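A.B. asks:
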């Protein structure tokens, strides 16, 4: 799956993943009104609005980017109805040729991680049959519980040609609270990064591993160190845009081959129409605003990479 | 909510939570056959089997224990249908007067954790209305991303009178890989434990905090240290039974007042009918086997506590 992701990144020239993290406040009034008109101000109504909104964005950007990253929490908050919208979104994106990174940040003891890995990347057995429940292409994984919580995901990566991104150094302000603590003079995120390299060596694609890492754009210095520590790991970089990361911060996440990183932007793209910069599009053309925001982001990153 | 949990623990004399982590291989043939007969060997059929199986167990144990802990991964693997079974299980257990601890191990950047907290403990706004999606009483939370990933859960604990259990030292074999690493001579789990105490001090019930901790029964020595470090935190102790923890290992997790810990057993109870010890019940009476396993576990723990 990492090979397919790289192929699509090269084809689009956009090392960009669009975070499909829909909050109701991002959704234009005409979509909310239509969904509530049909189902009322209910969980089903909210889920319907989310789904229609996503569809518009996906249609507008699917030729420009290699991948999307739906954040499952934004769907889970609407319960079962929300998860139906999540599943429809995953399926729709795959139909449109996008690689889907499920931002699920799961991780548990072995037998439980097995169930999560089956739920999101693999298949579950029911009697004599097998089913893929959510069937994303990649998933994000939380490493706090150690190797045996990650191993079931690695197994599924191998058998199903899927991939994972392990949280190493996250983009949020308090990520350093535990991740930066020094152990024998080295921060925890480096130890996790080393493990990512180790886990990844057993799940190689043709040039990069199926096992990538999450390192926030908001921490470029740490990104520089981690880039060297995990040379074969693709880095999924959140925190661009709304969280404060800029194109110039991103260069250290890439390898010399111009590959090795894919940058996420969520609200910076999906809620672009609410920014002054894209206000001219208006609510009716929110998806075109998203498209323009992708084009601008692609240019920002390409410019920063050209300058290094 | 912690006050209610303690009240129920005292009333039942059982500091026990039953882990509702249904795997299809635990479910008696007659239940599988009936569910598959109705819906086929489908995700819906599997979810129906899980739900019927849970119902039987809950009916058999609900007067004996204060709480249950459904592990959401075991439902999530069956996709949306599985999550419908999860929701039915949560609702049914609450109707039966059980405290429900959602074992979800979520945690993300602030705005995303807000969505998870709303999904599982709080309410989500849809237009002018509010809905509780899954509506558990407690949830487990992964702390790897630091305070700002936990804060949204704390806020919901305060506004909705709910609680959380933060992963501190987990029960699995490789939990030490990161959690035991020394920082300034102290293991990471102690630093997380200190944070739990700090977070908890702002969310107090009448004697214990709404913010508890997960510490595995398989690590009694670490439990002893953590017990002192977080005197007001209830400790949720997984790893009893199938994972190797015994009653004698548990005493250190309790405070002098006989409170402060609640011990989880999952397959040791829900799949008791498959053990030689309870084979006499047979598949038809699987739920009675679970009831007997709870009684035996209660005795094991009470005996160990009496001896200390």
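Residue numbers (this note's numbering), protein chains in the order written: chain B, 37 to 344; chain X, 37 to 344. Idealized CB from N, CA, C, for every residue including glycine. None of these values were measured; they are calculated from a predicted model.
Please name the residue in X:168, X:194, X:111, X:110 whose C-alpha comes closest to that of residue 37 of chain X.
C.D. replies: The residue given as residue 37 of chain X occupies position 1 in the second chain. Selected option, being the one with the closest Cα: X:194.
A.B. asks: Assuming contact is defined by CB atoms lying nearer than 8 Å, are residue 202 of chain B and residue 186 of chain B in contact in what I supplied?
C.D. replies: The count along the first chain starts at 1 and reaches residue 202 of chain B at position 166. The count along the first chain starts at 1 and reaches residue 186 of chain B at position 150. Going by C-beta atoms, residue 202 of chain B is nearer than 8 Å to residue 186 of chain B.
A.B. asks: Closer than 8 Å, CB to CB, is residue 236 of chain X near chain B or not?
C.D. replies: As a working mapping, residue 236 of chain X is identified with position 200 in the second chain. No, residue 236 of chain X does not count as interfacial toward chain B.
A.B. asks: Could you name each continuous alpha helix (DSSP H) segment of 4 residues or more that falls completely within the stretch 124-180 of chain X, going from the start of the chain to the end?
C.D. replies: 146-156
A.B. asks: Take every Cβ of the stretch 243-257 of chain B, pair it with every Cβ of the stretch 304-312 of chain B, and state whether three or more of those distances are shorter than 8 Å.
C.D. replies: Flag = no, the stretch 243-257 of chain B and the stretch 304-312 of chain B do not touch.
A.B. asks: For a cutoff of 8 Å on Cβ pairs, would you count residue 276 of chain X as touching chain B?
C.D. replies: On the second chain, residue 276 of chain X is found 240 positions in, with the first residue counted as 1. Not one chain B Cβ lies under 8 Å of residue 276 of chain X.
A.B. asks: Under 8 Å between the Cβ atoms of residue 109 of chain B and residue 87 of chain B?
C.D. replies: The residue you call residue 109 of chain B lines up with position 73 of the first chain. The residue you call residue 87 of chain B lines up with position 51 of the first chain. It is not a contact, given that the beta carbons lie outside the stated cut-off.
A.B. asks: So, does the stretch 124-139 of chain B touch the stretch 80-99 of chain X, judging by three or more C-beta pairs under 8 Å?
C.D. replies: no
A.B. asks: If contacts are defined as beta-carbon pairs under 8 Å, then residue 211 of chain X and residue 181 of chain B qualify, I think. What distance do you get, rounded to the angstrom?
C.D. replies: What you label residue 211 of chain X is simply residue 175 of the second chain in a count that begins at 1. What you label residue 181 of chain B is simply residue 145 of the first chain in a count that begins at 1. Going by Cβ atoms, the distance from residue 211 of chain X to residue 181 of chain B rounds to 6 Å, so yes, they are a contact pair.
A.B. asks: Can you confirm whether residue 179 of chain B, when its beta carbon is compared against all beta carbons of chain X, has any partner nearer than 8 Å?
C.D. replies: Translated into the one-based positions of the first chain, residue 179 of chain B becomes position 143. Yes - at least one Cβ of chain X is within 8 Å of the one on residue 179 of chain B.
A.B. asks: Going straight from the alpha carbon of residue 63 of chain B to that of residue 244 of chain X, what length do you get?
C.D. replies: Here residue 63 of chain B refers to the residue found at position 27 of the first chain. Here residue 244 of chain X refers to the residue found at position 208 of the second chain. Cα-Cα distance, rounded: 41 Å.
A.B. asks: Would the stretch 157-172 of chain X and the stretch 64-76 of chain X be scored as touching if the rule is three or more Cβ pairs under 8 Å?
C.D. replies: no
A.B. asks: I'd like the ranges of any alpha helix (DSSP H) spanning at least 4 consecutive residues and lying wholly in the stretch 57-133 of chain B.
C.D. replies: 65-75, 79-97, 109-112, 115-131
A.B. asks: Establish whether the CB of residue 145 of chain B and some CB of chain X are separated by less than 8 Å.
C.D. replies: What you label residue 145 of chain B is simply residue 109 of the first chain in a count that begins at 1. With 8 Å as the cut-off, residue 145 of chain B counts as an interface residue toward chain X.
A.B. asks: Can you tell me whether residue 43 of chain B is buried or exposed, with buried defined as 16 or more other CB within 10 angstroms of its CB?
C.D. replies: Taking the first residue of the first chain as 1, we reach residue 43 of chain B at position 7. Exposed, because fewer than 16 other Cβ atoms sit within 10 Å of the Cβ of residue 43 of chain B.
A.B. asks: With residue 272 of chain B as the anchor, note down where its beta strand (DSSP E) starts and where it stops.
C.D. replies: As a working mapping, residue 272 of chain B is identified with position 236 in the first chain. Here the beta strand (DSSP E) through residue 272 of chain B covers 271-273.
A.B. asks: Counting only beta-carbon atoms, is residue 206 of chain X nearer than 8 Å to chain B?
C.D. replies: In the second chain, counting from the first residue as 1, residue 206 of chain X sits at position 170. Output row for residue 206 of chain X: interface = yes.
A.B. asks: Of the choices B:208, B:231, B:116, whose alpha-carbon is the least far from that of residue 248 of chain B?
C.D. replies: In the first chain, residue 248 of chain B corresponds to position 212, counting from 1. Among B:208, B:231, B:116, the Cα nearest to that of residue 248 of chain B is on B:231.
A.B. asks: Compare the Cα-Cα distances from residue 184 of chain B to each of X:166, X:226, X:213 and report the closest residue.
C.D. replies: Along the first chain, read from residue 1 onward, the residue named residue 184 of chain B stands at position 148. Checking every option, the nearest Cα to that of residue 184 of chain B belongs to X:213.
A.B. asks: Just curious, the alpha helix (DSSP H) that residue 342 of chain B is in, first and last residue?
C.D. replies: In the first chain, counting from the first residue as 1, residue 342 of chain B sits at position 306. From DSSP, the alpha helix (DSSP H) with residue 342 of chain B extends over 322-343.
A.B. asks: Mind checking whether residue 56 of chain B and residue 119 of chain X have CB atoms under 8 Å apart?
C.D. replies: Taking the first residue of the first chain as position 1, residue 56 of chain B is located at position 20. Taking the first residue of the second chain as position 1, residue 119 of chain X is located at position 83. Against a cut-off of 8 Å, the Cβ pair of residue 119 of chain X and residue 56 of chain B comes out as no contact.
A.B. asks: Pull the bridge partners of residue 300 of chain B from the DSSP assignment, please.
C.D. replies: For the purposes of this step, residue 300 of chain B is identified with residue 264 of the first chain, where counting begins at 1. Per DSSP, B:53.
A.B. asks: Let me see if you follow: with CB-CB separation under 8 Å, is residue 184 of chain X close to chain B or not?
C.D. replies: Position 148 of the second chain, counted from the start, is the residue given in the question as residue 184 of chain X. Yes, residue 184 of chain X counts as interfacial toward chain B.
A.B. asks: For a cutoff of 8 Å on Cβ pairs, would you count residue 112 of chain X as touching chain B?
C.D. replies: Locating residue 112 of chain X in the second chain gives position 76, where the first residue counts as 1. It does; some Cβ of chain B falls within 8 Å.
A.B. asks: Any C-beta of chain X within less than 7 Å: which residues of the stretch 76-94 of chain B qualify?
C.D. replies: Correct list: 77, 78, 79, 81, 82.
A.B. asks: To be precise: take each residue of the stretch 214-225 of chain B, compare its Cβ to all Cβ atoms of chain X, and keep it if any distance is under 8 Å. Which residues remain?
C.D. replies: 214, 215, 217, 218, 219, 220, 224
A.B. asks: Identify the continuous beta strand (DSSP E) that holds residue 318 of chain X and give its terminal residues.
C.D. replies: Your numbering for residue 318 of chain X matches position 282 in the second chain. In the DSSP annotation of this structure, residue 318 of chain X is not part of any beta strand (DSSP E), being labelled neither H nor E.
A.B. asks: Tell me, please, whether the CB atom of residue 271 of chain B is closer than 8 Å to any CB atom in chain A?
C.D. replies: No chain A appears in this structure, whose protein chains are B and X.
A.B. asks: With a Cβ-Cβ cutoff of 8 Å, do residue 228 of chain X and residue 123 of chain B count as a contact?
C.D. replies: The sequence position of residue 228 of chain X within the second chain is 192, counting from 1. The sequence position of residue 123 of chain B within the first chain is 87, counting from 1. No, Cβ-Cβ distance for residue 228 of chain X and residue 123 of chain B is not below 8 Å.
A.B. asks: Is residue 201 of chain X helix, strand or coil by DSSP?
C.D. replies: The residue given as residue 201 of chain X occupies position 165 in the second chain. Three-state DSSP puts residue 201 of chain X in a strand.
A.B. asks: Taking C-beta to C-beta, are residue 233 of chain X and residue 266 of chain X nearer than 8 Å?
C.D. replies: The count along the second chain starts at 1 and reaches residue 233 of chain X at position 197. The count along the second chain starts at 1 and reaches residue 266 of chain X at position 230. Yes, the Cβ-Cβ distance between residue 233 of chain X and residue 266 of chain X is below 8 Å.
A.B. asks: Beta-carbon separation of residue 298 of chain X and residue 126 of chain X under 8 Å?
C.D. replies: One-based indexing of the second chain puts residue 298 of chain X at position 262. One-based indexing of the second chain puts residue 126 of chain X at position 90. Contact flag unset, no.
A.B. asks: In angstroms, rounded to a whole number, what distance separates the CA positions of residue 225 of chain X and residue 251 of chain X?
C.D. replies: Taking the second chain and counting its residues from 1, the one referred to as residue 225 of chain X is at position 189. Taking the second chain and counting its residues from 1, the one referred to as residue 251 of chain X is at position 215. Their backbone Cα atoms lie some 9 Å apart in a straight line.
A.B. asks: If I'm right that residue 341 of chain X touches residue 289 of chain X with Cβ under 8 Å, what's the distance once you round it to whole angstroms?
C.D. replies: The residue given as residue 341 of chain X occupies position 305 in the second chain. The residue given as residue 289 of chain X occupies position 253 in the second chain. With 8 Å as the limit, residue 341 of chain X and residue 289 of chain X do not qualify as a contact, their Cβ atoms being about 10 Å apart.
A.B. asks: Name, please, each residue of chain B whose Cβ falls closer than 7 Å to the Cβ of residue 167 of chain X.
C.D. replies: Within the second chain, the letter at position 131 stands for residue 167 of chain X. Per Cβ cutoff of 7 Å: 79.
A.B. asks: Give the secondary structure of residue 249 of chain B by DSSP, where H, G and I count as helix, E and B as strand, and everything else as coil.
C.D. replies: Taking the first chain and counting its residues from 1, one reaches residue 249 of chain B at position 213. It is a strand residue.
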